[in-house]
Structure formats: structure tokens, C-alpha cells
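*Asks:* Before we start, here is the structure in question, set down as C-alpha cells.
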Amino acid sequence: MKEFSPLKAFQVILNRWWVIALCIVLGGGIGLLFHYFHPTLYEAEAVLAVSMDFPPNGSFSQYEEDYAFGSAAVAILPAVLAQEVVNAVRAQGYSLTVEDFTRWASLERKQSTWELRIRHPHPETAAKAASLWAAVAYDQLEEARYHALQADQLTQQLNMLQNCLNFAVDSSSLPAMTDTVCNPSSLDSIQSAFDETSERLAQEKTLSRGVISVLVFDYSESAYIPVYPVAYGRNRLVLAGAFVGLIAGIWLVNSLKRGRG
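Note that the sequence shown ends on residue 887 in this note's numbering; no numbers are left out.
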């Protein structure tokens, strides 16, 4: 087995420099060709802040808090708001399709914030789409929270009506309840009010879309126009292709040398 000599290896590379140069050029060309089929992508980011407004002595465990955040996030996922956001972007004069939005949009939670990111070949479109997504998401969350508050109020009413039903079963208690919250005090009237409130409560819970009333949202930061690409930058692709070509050229020169030997 021959001993490896760095000096001889370097001399072999110098003698075949044109092979390495050709591989570097080919690698850079492949990188440029890859860029042609995969345009440069820019990423813009908008931020929504989330907090919890608990009543006195109220609190959540970490699991309950994560579950609440996760349930609310479902309401603003790219797949859920895609059509509404795309319509808003197009109304501002920018070009964006639903397919591109769902493919290039991502939502990430960091502590008490949500980061809404959009990638797009045009930085202005990316920034506008991210900002409008955050605005639409904020409106959706606020609307859902309103219905969650309504559901809380209806739940309290339903509990009172349930107590009324329990008392009204005993007919002797009806006259005494006439001046209380159980008004009307007849069993049929209370049952009708109970059924109506139950139906309204189910509707409000559906409209709340998993958002609970203690969550408080704030549209804290709109997106800035990105300056540097995050993927498929032409210079980086050409440089990466040239580096791969350099490695391939060195390997090819050494392979030719061993083949001759």
C-alpha cells in the first residue's frame, strides 16, 4: 500500500487543473439552471400577541394553556384563511394564488406570540400578504372571542334555568319563585326558555371556533419588506454548485490517476 503524499496529490491536481476548472464551471452552471426553475424566495413575518385575562383567583395549568393556544391557532391556519387572505392581497393589486399561499405560509407559536410567515419570489408581495394575513387573523380571533364571551353568559343563564327547573318540579315552590330569576315561573315556560338558551349556547360555541374568552389578542407587528432572500438565492446556488464541482473535480482527477496506475 502506497503512502499518501499531500505534495504529490497537489501536483496531480495542478497538472489536471483544467478538469477541475471545467467541473467548477459545470457545477456553477447547474446551480444557475436550478435557480431558473426555482425562483428566489423572500420571507416576511407579522406578529400577533396573545395573553390571558383570568378572573380573580383564576389560572390554567401549562397543559391547559397550551391546549387553549393550540385550539385558537386552528382558526387562523393558512389552509383556513387562504381564500380570504388571497382576496385581500389581490384587492391591493398584488398577485397571489391560494395554492402559493398555502404552500409558502407558516404559523409558529413562540411563548405568547404567533409569528405568521410568508415566502414569495417578490418581497413586496410577501410583506403585504403577511400583514394582511395577520389583520384577517386578528379580526377572526376577535370575532371568535366575542362569541366565546356570549357562550359564557349563556352558560350562566342555562345554569340558573336548570336550577329553576329543579325547583319547579315541586309545584309548591312555584309561587315563592315568582319574584326570583325564575321568571316566567311555570314549568313549561322555564323548559321552553331552557331549550332556547341551550340552542343559542350551541350556536355560540360553534361560532367561537375553539377560542376561549380569557384569551386576549393584539396585532402587535406588521411585516417589513425583506431585503435578503431565504431560499434559492442565485449567488448562493451558483457558489454551492461551483463548490460541489470543485469536490467532484478533485475526486475525478484522483480517480483518473488511480486508473492509470
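In this text, a Cβ means the ideal position worked out from N, Cα and C, and glycines have one as well. None of the values given here were measured: they were computed from a predicted structure.
For residue 873, name the three-state secondary structure that DSSP assigns.
*Replies:* Position 247 of the sequence shown, counted from the first residue, corresponds to residue 873. Correct three-state label for residue 873: helix.
*Asks:* Under the criterion of a Cβ to heavy atom distance below 6 angstroms, does residue 777 qualify as lining the ligand SAH?
*Replies:* Of ligands this structure carries none, so the ligand SAH is not represented either.
*Asks:* For the region 734-790, list the beta strand (DSSP E) runs that are entirely contained and at least 3 residues long, ordered along the chain.
*Replies:* Within the region 734-790, the complete beta strand (DSSP E) runs of at least 3 residues are 739-746.
*Asks:* Around the C-beta of residue 668, are 16 or more other C-beta atoms found within 10 angstroms, so that it is buried, or is it exposed?
*Replies:* Locating residue 668 in the sequence shown gives position 42, counting from the first residue. Buried.
*Asks:* Among 714, 743 and 720, which one has its Cα closest to the Cα of residue 674?
*Replies:* Reading the sequence shown from its first residue, position 48 is the one you call residue 674. Looking at the Cα atoms, 743 is the closest of the given residues.
*Asks:* Assuming residue 735 contacts residue 699 under a Cβ cut-off of 8 angstroms, what Cβ separation, rounded to an integer in Å, is found between them?
*Replies:* Position 109 of the sequence shown, counted from the start, is the residue given in the question as residue 735. Position 73 of the sequence shown, counted from the start, is the residue given in the question as residue 699. With 8 angstroms as the limit, residue 735 and residue 699 qualify as a contact, their Cβ atoms being about 7 angstroms apart.
*Asks:* What whole-angstrom Cβ distance do residue 826 and residue 770 have, given they're in contact under 8 angstroms?
*Replies:* For the purposes of this step, residue 826 is identified with residue 200 of the sequence shown, where counting begins at 1. For the purposes of this step, residue 770 is identified with residue 144 of the sequence shown, where counting begins at 1. At roughly 16 angstroms, the Cβ-Cβ gap does not stay under 8 angstroms, so residue 826 and residue 770 are not in contact.
*Asks:* In its own chain, which residues sit with a C-beta less than 6 angstroms from the C-beta of residue 731, not counting the 5 before and 5 after it?
*Replies:* As a working note, residue 731 is residue 105 in the sequence shown. So the qualifying residues of the chain are 704 and 744.
*Asks:* Going by DSSP in three states, residue 844 sits in which element: helix, strand or coil?
*Replies:* Residue mapping note: residue 844 aligns to position 218 of the sequence shown, counting from 1. Three-state result, residue 844: strand.
*Asks:* If you draw a straight line from the alpha carbon of residue 672 to that of residue 773, how long is it in whole angstroms?
*Replies:* Counted from its first residue, the sequence shown places residue 672 at position 46. Counted from its first residue, the sequence shown places residue 773 at position 147. Distance between the alpha carbons of residue 672 and residue 773 is about 25 angstroms.
*Asks:* Could you give the C-beta distance for residue 845 and residue 760, rounded to a whole number, given that I count them as a contact under 8 angstroms?
*Replies:* Counted from its first residue, the sequence shown places residue 845 at position 219. Counted from its first residue, the sequence shown places residue 760 at position 134. 6 angstroms between Cβ atoms; contact.
*Asks:* Taking a contact to mean a Cβ-Cβ separation below 7 angstroms, would you say residue 679 touches residue 842 in this structure?
*Replies:* As a position in the sequence shown, residue 679 is number 53, starting the count at 1. As a position in the sequence shown, residue 842 is number 216, starting the count at 1. Cβ distance < 7 angstroms, so residue 679 and residue 842 count as in contact.
*Asks:* Could you have a look at residue 839 and say whether DSSP puts it in helix, strand or coil?
*Replies:* Against the sequence shown, residue 839 aligns to sequence position 213. Coil.
*Asks:* Applying the 10 Å Cβ sphere with the 16-neighbour rule, what's the burial state of residue 644?
*Replies:* In the sequence shown, the residue the question calls residue 644 occupies position 18. Exposed.
*Asks:* What number of angstroms, rounded off, separates the C-alpha of residue 685 from the C-alpha of residue 840?
*Replies:* Residue numbering aside, residue 685 sits at position 59 when the sequence shown is read from its first letter. Residue numbering aside, residue 840 sits at position 214 when the sequence shown is read from its first letter. Roughly 10 angstroms separates the two Cα atoms.
*Asks:* Going by CA-CA distance only, name the one from 751, 782 and 768 that's closest to residue 677.
*Replies:* If you number the sequence shown from 1, residue 677 lands on position 51. Checked all of 751, 782 and 768; the closest Cα to residue 677 is 768.
*Asks:* How is the beta strand (DSSP E) around residue 674 delimited, first residue to last?
*Replies:* As a position in the sequence shown, residue 674 is number 48, starting the count at 1. Here the beta strand (DSSP E) through residue 674 covers 668-678.
*Asks:* Contact defined as beta carbons within less than 8 angstroms: I believe residue 830 pairs with residue 762. What is the distance between those atoms, to the nearest angstrom?
*Replies:* Residue mapping note: residue 830 aligns to position 204 of the sequence shown, counting from 1. Residue mapping note: residue 762 aligns to position 136 of the sequence shown, counting from 1. Between residue 762 and residue 830 the Cβ distance is about 22 angstroms, and since that is not below 8 angstroms, they are no contact.
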